[in-house]
Amino acid sequence: MKDAILAHLRYGLGKDASHSSVYDWRMALSHALRDRAVDHWIPSTQTTYARKAKRVYYLSMEFLIGRLVEDMAANLGATEEARAALAELGQDFDTLVRDEPDAALGNGGLGRLAACFMDSLATLGIPAMGYGIRYEHGLFEQDFVDGQQIEKPETWLSQKHAWEFERPEVQYSITFGGHVEHHDGRAHWHPHETVFATAHDTPVIGWQGRWGNTLRLWSAQPVKIFDLASFNRGDYLAASRSEALARTICRVLYPDDTTETGKELRLKQEYFFTAASIQDLIRRFLVTHDDIRRLDEAAAIQLNDTHPAIAGPELVRLLVDVHGLGMGEAIDLARRCLGYTNHTLLPEALERWPEWLFGRVLPRHLEIIREIEATQQAEFAGSPRILDHGNVQMGELAFIMAHKVNGVSALHTDLVKQTLFSDLHRIHPTRIINQTNGITPRRWLHTCNPALSGLITGAIGDGWVADLEQLKALKGKTGDAAFLSDFMAAKRHNKERLSNWVQQTLGQSIDPDAMFDVQIKRIHEYKRQHMNILETIALWNEMKANPGAGWQPRVKIFGGKAAPGYHVAKEIIHLINDVATVINNDPATKDLLQIVYPPNYNVTMAEMLIPAADLSEQISTAGKEASGTGNMKFALNGALTIGTLDGANVEIREHVGAENFFLFGLTAQEIMEARKQPGFARATIEKSPRMQRVLQQIAEGRFSPGDASRYHGFVGNLWDHDYFCVSLDFDNYYDTQRRADEAFGHRDAWAAMALTNTAGMGWFSSDRTIQGYARDIWDVGPADAKTLEKTG
Ligand code: 475
567 MKDAILAHLR
577 YGLGKDASHS
587 SVYDWRMALS
597 HALRDRAVDH
607 WIPSTQTTYA
617 RKAKRVYYLS
627 MEFLIGRLVE
637 DMAANLGATE
647 EARAALAELG
657 QDFDTLVRDE
667 PDAALGNGGL
677 GRLAACFMDS
687 LATLGIPAMG
697 YGIRYEHGLF
707 EQDFVDGQQI
717 EKPETWLSQK
727 HAWEFERPEV
737 QYSITFGGHV
747 EHHDGRAHWH
757 PHETVFATAH
767 DTPVIGWQGR
777 WGNTLRLWSA
787 QPVKIFDLAS
797 FNRGDYLAAS
807 RSEALARTIC
817 RVLYPDDTTE
827 TGKELRLKQE
837 YFFTAASIQD
847 LIRRFLVTHD
857 DIRRLDEAAA
867 IQLNDTHPAI
877 AGPELVRLLV
887 DVHGLGMGEA
897 IDLARRCLGY
907 TNHTLLPEAL
917 ERWPEWLFGR
927 VLPRHLEIIR
937 EIEATQQAEF
947 AGSPRILDHG
957 NVQMGELAFI
967 MAHKVNGVSA
977 LHTDLVKQTL
987 FSDLHRIHPT
997 RIINQTNGIT
1007 PRRWLHTCNP
1017 ALSGLITGAI
1027 GDGWVADLEQ
1037 LKALKGKTGD
1047 AAFLSDFMAA
1057 KRHNKERLSN
1067 WVQQTLGQSI
1077 DPDAMFDVQI
1087 KRIHEYKRQH
1097 MNILETIALW
1107 NEMKANPGAG
1117 WQPRVKIFGG
1127 KAAPGYHVAK
1137 EIIHLINDVA
1147 TVINNDPATK
1157 DLLQIVYPPN
1167 YNVTMAEMLI
1177 PAADLSEQIS
1187 TAGKEASGTG
1197 NMKFALNGAL
1207 TIGTLDGANV
1217 EIREHVGAEN
1227 FFLFGLTAQE
1237 IMEARKQPGF
1247 ARATIEKSPR
1257 MQRVLQQIAE
1267 GRFSPGDASR
1277 YHGFVGNLWD
1287 HDYFCVSLDF
1297 DNYYDTQRRA
1307 DEAFGHRDAW
1317 AAMALTNTAG
1327 MGWFSSDRTI
1337 QGYARDIWDV
1347 GPADAKTLEK
1357 TG
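Residue numbers (the numbering used here): 567 to 1358.
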């Protein structure tokens, strides 16, 4: 390892050890690790080709991979070796780890799920390729100025990405616009614009290096770098027009999480990476097969939400226009290849494109969608339409073109059947299935929480890392006082680590003995961060009114970004920061209650916050959070959940036991009923003096001195609309928080409950999720007998 690092430093970076920066050392370490990754990766690819094994193609606009050094080293079993080699070279492994940019090529849950799935596919030895976009700028960096979010461009590629291999030879033409002619019994698309898609491959190595897959991200290149004729004429803009389109396509990740954008550039991004991926997988298929009609035997294509739903029409287009299949035959074949995962029921997140815009960018695809529509209507008269009121509805398109459609938690899947796709579900009653989300135990316990992970391995061996159900063995330890004390010592260690970081980065002192109560996720009204901050104000009021009541000290920790155009979400951020300013500086309560909101929440920050949490806030309006995956990470790391019956909370509660979960709030059914009552919010708030008082304080400017009207709109909206039903759940939430206080006071009982959470979370491994997809949707397995043996 030492030699490898030095060799990369010298010959890869052209540096000698005495003149190397942290960046140089990190690159050299990464390349030394990448060499080892390649030694697992190439044989995996060879095996897949040799066996003509079926591959999974996971198409996703987002891969929220975060940093890779630690994870890669851990999966290769090389962490200690790397640490020791660096120490001999006078370098600190952890410093290099912290130097790596956090690759934020995603917004939130959907993107992070894709990254966890890649880890599980490799660990399970299932041949797979993740396909996405190599954004030049990932999710914006968040800062707070006077408590308000400002966005700055993210620049992860300003340094070289250590893990990727650029593949200039793997290049496809992607075309847009123009018109279609029909002659010789065929369609001829004469596009107006063309860009090249170029592949960049990052190896994804499973646990213990047992298998290697590829994350292939596409970047756009101009077809014509430069139009010399235009340049010589002095028309410099025209000279670089083709370059401009190429650069814009991969320039930025759309920063919207479950909100709609409807921009032409977004449609182009979607088509760009989908079309490149479909061309690529067909080319690969034809290396080992000669009959395109059997594509489904070798390729399972999964659509991560509707963003790549154009894959259906694109595949049909290539099958018909290039490979000469009949339309009906092509549609059936495409459907056998495709699966579609739905991640949200929120109407504003459902993709719809105006037909005129869609047809302008993808004229041939619009024709094909009309054919798909006609075929569907011919077979199922009265079927819901893809083309509706002048829009192309991507959800309906994805549903009709997929052989399986899945929800991401049991409750979500039921709601998909009953609400979003109820008519399509009646027509295709076996198409919708559930695959409850999961998380990779490698990143989200083994690597991010060495204290707990070491304790667990000491007690039950390390088999749990690739077989998380083994954590069940810890149930036997919930009565073992010595083990519980070690378990709480690990938590305490992580809380100290976080407290030190908060002190260093924010200059704020927090007490590691206090309860760390954490809500980290995108800021959205349905996730109800505002309910959390209202409850915080109510608690503060009570603390001041009854200073001698023996309050349980709390640190309320928030993290998350708001979509730049989502006004209310930004207002919630502002309110949290305003409330923090007042409460954190109140001498009467500052040792009892602190609010911490570090800016720029990302994967790396999650890796530090989650192991340090005592209480996990999963408080969405029932029926709105499709699954949640943060909820799983917290419970796995020994936090108790305070939560509603929403998404995967329902299943988490079943697995850890109702007595180890702080449940509150209305059910999805009750919410739907309550909303029908006009004025429900006003009537409810009038009956809650506690909530009334809090709203009064906010409206009077108690937290915005000098700008009393700042939150009038916000407060008015709660009284008059409250679509997300904060009012209906508020008092129950407050009381449940006090039950959590009470429970936290009994440290031994709390420790046993926390350990029961960890012990019960084995089922939520993304390995289990992927096995479900492999069995129910993809019909694939490990390509290699040895891997099969190891993973069962
Ligand atoms: C759900 N993102 C979580 C998670 O299944 C769930 C939408 C439009 C454009 C860009 N990003 C999005 C999502 O819809 C999303 O992240 N959904 C989330 O998917 C994984 O656990 O409940 O909200």
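By construction, the Cβ of each residue, glycine as well, lies at the ideal position given by its N, Cα and C atoms. Treat the numbers as computed from the prediction; the structure is a model and nothing was measured.
Next on the checklist: Using only CA atoms, which one of Asp637, Phe1200, Ile938, Ser975 lies nearest to Asn1060?
Outcome noted: Distances from the alpha-carbon of Asn1060 to those of Asp637, Phe1200, Ile938, Ser975 put Phe1200 closest.
Checklist entry - Glu1101 bridges to which residues according to DSSP? => result In the DSSP output, where bridge partners are listed per residue, Glu1101 has none listed.
Checklist entry - From Val1292 to Ala1188, what does the alpha carbon distance come to, in whole angstroms? => result Straight through space, the alpha carbons of Ala1188 and Val1292 are spaced by roughly 11 Å.
Checklist entry - When DSSP labels each residue in this structure, what does Asp856 get in the three-state scheme? => result Note: Asp856 maps to coil in three-state DSSP.
Item to check | Nearest-angstrom Cα separation, counted from Leu891 out to Arg1008 | outcome: Rounded to whole angstroms, Arg1008 to Leu891 spans 44 Å at the Cα level.
Checklist entry - Measuring from the CB of Asn1003, is there a heavy atom of the ligand 475 at a distance below 7 Å? => result Flag set: Cβ of Asn1003 near the ligand 475.
Checklist entry - Do the region 773-784 and the region 695-702 make contact, defined as three or more Cβ pairs closer than 8 Å? => result With a cut-off of 8 Å, the region 695-702 and the region 773-784 count as touching, because enough Cβ pairs lie within range.
Item to check | Buried or exposed by the 16-neighbour rule on C-beta atoms within 10 Å, applied to His585 | outcome: It is exposed - the Cβ of His585 has fewer than 16 other Cβ atoms within 10 Å.
Checklist entry - Under three-state DSSP, which class holds Pro769? => result Pro769 falls in the strand class under three-state DSSP.
Checklist entry - On the three-state DSSP scale, how would you describe Val882? => result Three-state DSSP puts Val882 in a helix.
Item to check | Alpha-carbon to alpha-carbon, Thr1002 and Ala1115 | outcome: Roughly 42 Å between the two C-alpha positions.
Next on the checklist: To the nearest angstrom, how far is the alpha carbon of Ile699 from that of Met593?
Outcome noted: Approximately 23 Å between the Cα atoms of the pair.
Checklist entry - In whole angstroms, what separates the C-alpha of Gly878 from that of Ile571? => result The straight-line gap from Cα to Cα measures roughly 45 Å.
Checklist entry - Hey, which unbroken runs of the beta strand (DSSP E) at 3 residues or more fall wholly within the region 875-960? => result Scanning the region 875-960 for uninterrupted beta strand (DSSP E) segments of 3 residues or longer gives 904-907, 918-920, 957-959, listed from N- to C-terminal end.
Item to check | Whole-angstrom distance between Ala1104 and Gly1358, CA atom to CA atom | outcome: Residue placement at Gly1358 cannot be trusted, given a pLDDT of 40 that sits under 50; the coordinates are not used to answer.
Item to check | Best match in Ser1186, Glu937, Glu863, His873 for proximity to Arg902 [C-alpha to C-alpha] | outcome: Just measuring C-alpha positions, the residue of Ser1186, Glu937, Glu863, His873 sitting nearest Arg902 is Glu863.
Item to check | CB of Gln984 within 8 Å of CB of Ile966, strictly | outcome: No Cβ-Cβ contact shorter than 8 Å links Gln984 with Ile966.
Checklist entry - Nearest-angstrom Cα distance between Phe1290 and Ala1265? => result If you draw a straight line from the Cα of Phe1290 to the Cα of Ala1265, it is about 20 Å long.
Next on the checklist: Quick test of your reading: Glu921 and Asn957, contact by CB under 8 Å. State the CB separation rounded to the nearest angstrom.
Outcome noted: Right, their Cβ atoms sit about 6 Å apart.
Item to check | Inside the region 1161-1201 only - beta strand (DSSP E) runs reaching at least 3 residues | outcome: The qualifying runs are 1181-1184.
Checklist entry - Apart from the five residues on each side of it in sequence, which residues of its chain come closer than 7 Å, Cβ to Cβ, to Glu1035? => result Hits under 7 Å: Gly1328, Trp1329.
Checklist entry - Three-state secondary structure (DSSP) at Glu1236? => result Correct three-state label for Glu1236: helix.
Checklist entry - Taking the alpha-carbon positions, what's the Pro667 to Arg633 distance? => result Whole-angstrom Cα-Cα distance: 6 Å.
Next on the checklist: Considering only heavy atoms of the ligand 475, does any lie closer than 7 Å to the CB of Glu914?
Outcome noted: No, the beta carbon of Glu914 sits no closer than 7 Å to any heavy atom of the ligand 475.
Checklist entry - Where Arg992 and Leu904 are concerned, what is the direct C-alpha to C-alpha distance, given to the nearest angstrom? => result Here the alpha carbon of Arg992 sits roughly 20 Å from the alpha carbon of Leu904.
Checklist entry - Along the chain, where does the alpha helix (DSSP H) that runs through Lys1057 open and close? => result Residues 1047-1072.
Item to check | Residue(s) in a DSSP beta bridge with Tyr697 | outcome: Answer is Leu625, Arg782, bridged to Tyr697.
Checklist entry - Going by beta carbon distance, what residues of the same chain come within less than 7 Å of Phe1310, once the five residues before and after it are set aside? => result The beta carbon of Phe1310 is closer than 7 Å to those of Met1081, Gln1118, Asp1180, Trp1316 in its chain, skipping five residues each way along the sequence.
Next on the checklist: Less than 6 Å between C-beta atoms, sequence neighbours within five positions excluded: which residues of the same chain meet that for Leu1354?
Outcome noted: Residue confidence is low: Leu1354 scores 49 on pLDDT, short of 50, so the model does not pin down where it sits. Its coordinate-derived value is still stated next. So the qualifying residues of the chain are Pro1348.
Next on the checklist: Tell me whether Asp871, by its Cβ, gets closer than 7 Å to a heavy atom of the ligand 475.
Outcome noted: Inclusion of Asp871 in the 7 Å shell around the ligand 475 follows from its C-beta lying nearer than that to a non-hydrogen atom of the ligand.
Checklist entry - Would you call Leu833 buried or exposed, if buried means 16 or more other Cβ atoms sit within 10 Å of its Cβ? => result With 16 or more other Cβ atoms from the protein chains shown falling within 10 Å of its own Cβ, Leu833 counts as buried.
Next on the checklist: For a quick check, are the C-beta atoms of Leu884 and Leu899 less than 8 Å apart?
Outcome noted: Not a contact, by the Cβ cut-off of 8 Å.
Checklist entry - What are the partner residues of Gln774, as DSSP defines its beta bridges? => result Paired residues: none, contrary to the question.
Next on the checklist: For a test of the three-state rule: what should DSSP assign to Met1109, helix, strand or coil?
Outcome noted: Helix, per DSSP.
Checklist entry - How about Phe924 and Leu912: are their beta carbons less than 8 Å apart? => result No, Cβ-Cβ distance for Phe924 and Leu912 is not below 8 Å.
Item to check | Residue ranges of each alpha helix (DSSP H) within the region 657-697, 4 or longer | outcome: For the region 657-697, whole alpha helix (DSSP H) runs of length 4 or above, ordered along the chain, are 659-665, 675-689.
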